[in-house]
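Protein chains in written order, with the working numbering: chain W, 14 to 224; chain G, 517 to 962. Glycine included, each C-beta is placed from N, C-alpha and C at the ideal position.
Below, the structure written as structure tokens:
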């Protein structure tokens with residue numbers, strides 16, 4: 014009943030989704046197939062979100078249901094390494110700033126959109142961004158921050174990536190509630206956003222030449 | 517109850533606050549200047565067309581400290597240095613009200629307890645970095661009933677031990693509700709203390725933390741006297757209260773936990789918010805009485821556009837916030853409603869509160885011109901000058917935006933000039949330009 018699983022997740026019905034996933038597993042369904050069904054549900058939620066029909070709670074709750082299903086059907090397994098065909102994204106909250114809600118949402122949404130998202134967490138030093146860009150051969154770097162103090166950290170991160178000779182390999186976006194065009198100019202990034210939709214749109218423009 | 521002849525609490529507090537009853541003024545001129553400013557703040561909230569635009573600061577943090585210069589770490593430990601920086605900043609900038617270092621709390625208060633809800637400069641972060649709060653799941657999903665049943669017990673024996681390792685021994689105390697039978701339950705209580713030496717250490721840690729707060733309050737009082745009594749600047753940030761939804765989300769369940777609860781146990785959440793509501797209302801009223809301050813500040817966090825749907829806002833967020841605002845206004849108090857994040861789609865709700873009682877702060881993500889349209893004749897608005905603009909743009913760009921704000925939002929009163937958020941990085945010339953535009957507009961239209 015794959016349709017049932019997708020519907021339950023899109024409908025935010027955690028208990029029902031878990032029951033269906035467990036039943037599929039008991040009936041011998043490949044765990045990867047169960048997770049693939051869940052991913053379809055997340056795509057639907059992502060589409061609703063992009064169209065303004067769903068909001069952050071749906072995205073987060075959908076993510077929570079998916080997390081529970083993964084833990085149930087593949088305990089201790091496959092959770093980590095992201096796959097993605099549209100490009101590799103390195104994302105993190107810049108050093109000196111520990112806010113993570115906006116960053117988490119953008120990471121979640123870009124994952125749904127088909128990017129391989131490498132989330133470095135919060136208070137991330139410049140050198141960690143540089144190392145991750147090299148390691149994952151990143152196409153996009155997303156720098157997050159909520160404090161105005163983060164503007165300098167964003168700028169030094171962009172500078173650090175340039176100093177490592179990687180600036181031409183990546184597109185860099187800066188994001189967060191106080192971020193605007195003046196911050197983009199100040200930091201030397203390629204684009205900016207203060208909501209999730211803008212981050213997704215920017216990424217699409219950069220990797221596909223359009224949304 | 518006969519309220520006919522009774523003066524409301526808020527009316528008395530407004531009169532005292534405008535008079536500066538709590539201050540010793542340097543001279544008559546200082547008194548008159550203070551009173552004119554305080555009256556202007558009240559009149560503007562009351563939507564009178566004064567022909568003037570007051571300029572207020574959401575809060576000046578690093579911007580003020582740079583007048584020392586003082587690092588964030590120093591500001592939390594060496595109050596005299598921060599005092600001098602704040603005074604210098606307010607001498608240099610012609611604000612009509614002030615917000616002090618109320619959020620630059622004493623490091624000792626949290627350090628004595630190893631409080632884990634905060635990251636401190638000089639400990640977890642660089643010396644000159646702003647402290648930051650950690651939002652985590654301090655209350656488990658299955659603890660709603662426990663909280664609803666006996667909130668003080670949950671706070672004493674569950675919440676405090678989770679917030680501070682120094683307070684973990686409090687978890688060993690018996691529930692205080694059991695202090696009834698067999699010598700009023702005294703044997704159980706004292707035995708728990710005797711068998712857990714950590715309980716005594718916990719009390720010592722509380723004492724050490726409290727001593728920092730004593731020193732800090734004394735310093736905040738000195739700032740008020742200096743800025744109010746000498747520089748004639750009224751203190752805008754007084755008592756506070758919280759929206760019940762934000763309490764659950766910020767302090768108890770975390771944002772993720774709260775979202776899961778909205779779908780998985782909505783009735784428990786609603787019950788908890790209804791329980792919190794009268795306590796927050798009383799907290800705001802008691803704070804107003806204790807501080808002699810007529811404006812209760814309510815910082816809003818999780819109700820912004822995009823953080824939930826309008827239907828969720830109307831089901832979960834607004835009902836208890838509305839009751840809180842109405843309850844404060846019923847006492848004659850005014851409310852500084854500090855919206856954070858984009859708030860365009862929620863603004864119309866504030867029309868449900870009696871006109872001229874709320875001062876609605878707008879961050880830069882909110883469309884101030886739309887807010888003016890929606891709330892004209894209903895509530896006063898303030899804010900919106902982007903911190904990013906003040907930090908990175910030219911004076912001319914700042915002037916252009918502020919002029920537009922003054923002309924559109926200032927029309928007919930009900931507007932104050934203010935930046936978007938707590939001010940850290942900002943060019944002084946930009947902040948001064950913002951102030952100058954507001955004052956110029958006042959002169960040209962009066």
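**Item:** Secondary structure of residue 955 of chain G, DSSP reduced to three states
**Value:** helix
**Message:** Just to confirm my understanding: we take residue 957 of chain G, look at its own chain, exclude 5 residues before and 5 after, and list those with CB closer than 6 Å. What are they?
**Reply:** 569, 922 and 926
**Message:** Determine, for residue 897 of chain G, whether the minimum Cβ-Cβ distance to residues of chain W falls below 8 Å.
**Reply:** no
**Prompt:** Would you report the Cα separation of residue 682 of chain G and residue 714 of chain G, rounded to the nearest angstrom?
**Reply:** 8 Å
**Item:** Distance, residue 824 of chain G Cα to residue 167 of chain W Cα
**Value:** 28 Å
**Request:** Decide if residue 782 of chain G is buried, meaning its Cβ has at least 16 other Cβ atoms within 10 Å, or exposed.
**Result:** exposed
**Prompt:** How would you write the range of the alpha helix (DSSP H) that residue 963 of chain G sits in, first residue to last?
**Reply:** No answer is possible for residue 963 of chain G: the residues shown for chain G start at 517 and end at 962.
**Message:** Against chain W, does residue 510 of chain G count as a neighbour if the rule is that its beta carbon must be under 8 Å from one of theirs?
**Reply:** Only positions 517 to 962 of chain G appear in this structure, which leaves residue 510 of chain G out of reach.
**Prompt:** Does residue 190 of chain W come within less than 8 Å of chain G when only Cβ atoms are used?
**Reply:** yes
**Asked** Which bits of chain W does residue 780 of chain G rub up against, with CB to CB less than 7 Å?
**Response** 27
**Asked** Do the region 738–747 of chain G and the region 797–809 of chain G meet, that is, are 3 or more Cβ pairs less than 8 Å apart?
**Response** no
**Asked** Among W:141, W:175 and W:70, which has the Cα closest to the Cα of residue 122 of chain W?
**Response** W:70
**Prompt:** Considering only the beta carbon of each residue, do residue 891 of chain G and residue 947 of chain G sit closer than 8 Å?
**Reply:** no
**Message:** Using the three-state DSSP reduction, which class does residue 929 of chain G fall into: helix, strand or coil?
**Reply:** coil
**Message:** Less than 8 Å between CB atoms is the rule here; does residue 121 of chain W satisfy it with respect to chain G?
**Reply:** no
**Request:** Please name the residue, chosen from W:66, W:83 and W:114, that lies closest to residue 34 of chain W on a Cα-to-Cα basis.
**Result:** W:83
**Request:** Flag residue 852 of chain G as yes if its beta-carbon sits less than 8 Å from any beta-carbon of chain W, otherwise no.
**Result:** no
**Message:** So, with DSSP's three-state summary, where would you put residue 876 of chain G?
**Reply:** strand
**Message:** My output table needs one value for residue 673 of chain G: the three-state DSSP class, helix, strand or coil.
**Reply:** helix
**Item:** Positions along the region 68–92 of chain W whose CB lies within less than 7 Å of some CB in chain G
**Value:** 68, 69, 70, 73, 74 and 77
**Request:** Compare the C-alpha of residue 830 of chain G against each of G:778, G:851 and G:811 and name the closest.
**Result:** G:778
**Prompt:** Which residues of chain W have a Cβ atom closer than 7 Å to the Cβ of residue 775 of chain G, listed in chain order?
**Reply:** 70, 73 and 74
**Distance, residue 543 of chain G Cα to residue 641 of chain G Cα** = 44 Å
**Message:** In whole angstroms, give me the CA-to-CA distance for residue 92 of chain W and residue 117 of chain W.
**Reply:** Any answer about residue 92 of chain W is weak, because its pLDDT of 47 lies below 50 and its placement is not dependable; what the coordinates show is given next. Spanning the two alpha carbons is a distance of roughly 16 Å.
**Item:** Below-8 Å beta-carbon distance, residue 966 of chain G vs any chain W residue
**Value:** No answer is possible for residue 966 of chain G: the residues shown for chain G start at 517 and end at 962.
**Request:** Kindly indicate if chain G contains any beta-carbon less than 8 Å away from that of residue 170 of chain W.
**Result:** no
**Request:** Kindly list, in the order they appear in chain W, the residues whose Cβ is closer than 8 Å to that of residue 824 of chain G.
**Result:** 68, 69 and 70
**Item:** Nearest residue (CA-CA) to residue 691 of chain G, options G:679, G:678, G:680 and G:706
**Value:** G:706
**Item:** Separation of residue 162 of chain W from residue 182 of chain W, as counted between CA atoms
**Value:** 27 Å
**Prompt:** For the 8 Å Cβ check, are there 3 or more pairs between the region 926–935 of chain G and the region 558–574 of chain G?
**Reply:** yes
**Asked** Grouping DSSP H, G and I as helix and E and B as strand, with all else coil, what is residue 855 of chain G?
**Response** coil
**Asked** Among the residues of its own chain, which have a CB less than 8 Å from the CB of residue 43 of chain W, if the five just before and after it don't count?
**Response** none
**Message:** Applying the 10 Å Cβ sphere with the 16-neighbour rule, what's the burial state of residue 24 of chain W?
**Reply:** exposed
**Message:** Starting from residue 214 of chain W, trace the alpha helix (DSSP H) in both directions and tell me its first and last residue.
**Reply:** 209–221
**residue 635 of chain G, DSSP secondary structure in three states** = strand
**Message:** Rounding to the nearest angstrom, what Cα-Cα distance links residue 813 of chain G and residue 853 of chain G in this structure?
**Reply:** 6 Å
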